[in-house]
Amino acid sequence: SAQKHRFVNGYETILNCPTTCTTKNILYALTCPCGQYDYIGYTSLTLDEQLKYHREHSNRIMHEFILGSEKNTQLQQQTKSQEELTADTMLLYKHSIRCPSAIQLFLDCNPQYWHFVPMLKTEIQDSSTNNLPSMPS
668 SAQKHRFVNG YETILNCPTT CTTKNILYAL TCPCGQYDYI GYTSLTLDEQ LKYHREHSNR
728 IMHEFILGSE KNTQLQQQTK SQEELTADTM LLYKHSIRCP SAIQLFLDCN PQYWHFVPML
788 KTEIQDSSTN NLPSMPS
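Numbered per this note's numbering, the sequence shown spans residues 668 to 804.
And the structure:
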């Protein structure tokens, strides 16, 4: 019972050995929740460390996108590291900040950002039909 992964383009691959969070030197694929974008990477780190890297940059970039780059620059009051500048150019993160599924997942995990999401008055009043979380008072 080999594990399989199907890429967005329909290509299917078979995982040829068992993996855990401590597996190193691994070729991995991340698929966006929308199912329309794949990212393929390689790491010499553990899979857990690499996923943490992606999670941290994804959250940082989504935070910057929602708050706006000018506001974020004022908040940070520091220059970005080379690692952050490199991550900023990755298509994985450029896709995420334009993808409704990725943004929704970010907001589900970080509901405090809902206050920064522009909505029509009717959307706020009818949040139950839009699956929006209850806004704290």
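All C-beta atoms in this analysis are idealised placements derived from N, C-alpha and C, irrespective of residue type, glycine included.
Taking its Cβ as the centre, do 16 or more other Cβ atoms sit within 10 Å of residue i, making it buried, or is it exposed?
i: S725; result: buried
i: L759; result: buried
i: M786; result: exposed
i: E731; result: buried
i: S763; result: buried
i: F773; result: buried
Between residue i and residue j, is the Cβ-Cβ spacing less than 8 Å?
i: Q670; j: Y695; result: no
i: L714; j: C688; result: yes
i: I693; j: T710; result: yes
i: L752; j: F783; result: no
Tell me which same chain residues have a C-beta within less than 6 Å of the C-beta of residue i, skipping the five on either side of it?
i: L682; result: Q670
i: F674; result: D705
i: I707; result: A696
Who are the near neighbours of residue i in its chain, counting only those whose CB is closer than 7 Å to its CB and skipping five residues on each side?
i: T746; result: none
i: Q744; result: Note that Q744 has pLDDT 49, beneath the 50 cutoff, so the model's placement of it is unreliable and the number below is only indicative. Taken in chain order, the list of residues that qualify is empty.
i: K691; result: S711, L712, T713
Return the Cβ separation of residue i and residue j in integer angstroms, given the expectation that the two are a contact with Cβ distance under 8 Å.
i: C766; j: C699; result: 6 Å
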